[in-house]
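Everything on this sheet refers to the single structure shown next.
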Amino acid sequence: MKEYKYKINGNLYKVSVGEIEKNIAHVEVNGTVYNVEMEEAAPVK
């Protein structure tokens, strides 16, 4: 699990990125769990 800390407009956010299954990332932000849908990668030309 990767962990990051961000400060946005003076607010501190602790973000943990867990498993990624296909295009769904399991992310925890300040103790709240989210399933984040990621866009498909653009094809490389």
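Whatever position you read off the sequence shown (first residue = 1), add 750 for the working numbering.
We put the beta carbon where it would ideally sit given N, CA and C, even for glycine.
Which residues DSSP lists as bridging V783, in chain order: Under DSSP, V783 forms a beta bridge with E778.
Under 8 Å between C-beta atoms of E787 and H776: No, they are not a contact pair.
N773 to A791 span [Cα, whole Å]: Approximately 10 Å between the Cα atoms of the pair.
T782 versus E789, V794 and Y763, residue with shortest Cα-Cα distance: Nearest to T782 by C-alpha distance, out of E789, V794 and Y763, is Y763.
Contact belief for V767 with Y756 at Cβ below 8 Å, rounded distance in angstroms: Actually they are not in contact, since the Cβ atoms of V767 and Y756 sit about 12 Å apart, beyond 8 Å.
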